[in-house]
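**Q** Okay, handing you the structure first.
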Amino acid sequence: MDNFVIEKVVTEDMLAVNVGSGSLRVLATPTVVALMEEASTKLADTFLDEGLTTVGTMVEIQHISPSPIGAKIKVESKLISNDGRSFKFEVTAYDNAGMIANGTHNRVSVKSEKFQKKADEKFE
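In terms of the numbering used here, the sequence shown has 769 at position 111, counting the first letter as 1, and numbering is strictly consecutive.
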């Protein structure tokens with residue numbers, strides 16, 4: 659598999675005014691990024707051995723068109739490179755009227771338990 663698609667309908671909790679990224683009742687850019695990360699994570703998971711996960715290391719997108727509440731959103735992540743540890747994705751989001759955002763997202767694979775332990779130990 660070299661792509662993964664997520665489809666959602668824009669709801670109240672996804673709006674800029676409700677996530678703190680603006681004052682309008684439109685799909686929030688942080689929500690678009692989260693959906694792009696979710697699609698990329700699910701795609702990367704298909705390449706991982708047990709005990710591994712991926713973490714995001716870079717997101718670069720252009721959010722070019724607003725989407726109102728009730729709009730149907732389709733987010734697609736396409737794998738463009740994978741060296742066994744690092745993954746790079748092309749990410750695109752659409753609503754009923756066309757493309758609303760596009761860009762790239764990078765993730766790296768890590769050992770789940772080791773990474774979590776390292777994070778938890780930061781404040782012990």
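Note that the Cβ used here is the ideal one computed from N, Cα and C, for glycine as well.
Please read these numbers as outputs of a predicted model, since none were measured by experiment.
Restricting to Cα atoms, I'd like to know which of 667, 674, 665 and 698 is closest to residue 761.
**A** For this step, residue 761 is matched to residue 103 along the sequence shown. Nearest of 667, 674, 665 and 698 to residue 761, Cα basis: 698.
**Q** Sorted by chain position, which residues of the same chain lie with C-beta nearer than 7 Å to residue 660's C-beta, five sequence neighbours on each side aside?
**A** Position 2 of the sequence shown, counting from 1, holds the residue named residue 660. So the qualifying residues of the chain are 736 and 737.
**Q** I'd like to check one pair, residue 745 with residue 694: are the Cβ atoms closer than 9 Å?
**A** The count along the sequence shown starts at 1 and reaches residue 694 at position 36. The count along the sequence shown starts at 1 and reaches residue 745 at position 87. Not in contact: residue 694 and residue 745 (Cβ atoms no closer than 9 Å).
**Q** Using a beta-carbon distance below 9 Å, is residue 739 in contact with chain C?
**A** The structure shown contains no chain C; it is built from a single protein chain.
**Q** Should residue 719 and residue 757 be called a contact, given that it needs their Cβ atoms to be closer than 9 Å?
**A** Here the question's residue 719 lines up with position 61 in the sequence shown. Here the question's residue 757 lines up with position 99 in the sequence shown. In this structure, residue 757 does not lie closer than 9 Å to residue 719 by Cβ.
**Q** Report the option in 752, 739, 675 and 710 whose CA atom is closest to the CA atom of residue 690.
**A** Taking the first residue of the sequence shown as position 1, residue 690 is located at position 32. Of the listed residues, the one whose Cα sits closest to residue 690 is 752.
**Q** Let's test the definition: count the other Cβ atoms within 10 Å of the Cβ of residue 727 and tell me whether it reaches 16, buried, or not, exposed.
**A** Numbered from 1 along the sequence shown, position 69 holds the residue referred to as residue 727. By the 10 Å Cβ count, residue 727 comes out exposed.
**Q** Which runs of the beta strand (DSSP E) fall wholly inside the region 689-736 and span at least 3 residues, in chain order?
**A** Taking only runs of at least 3 residues, the beta strand (DSSP E) segments lying wholly in the region 689-736 are 710-721.
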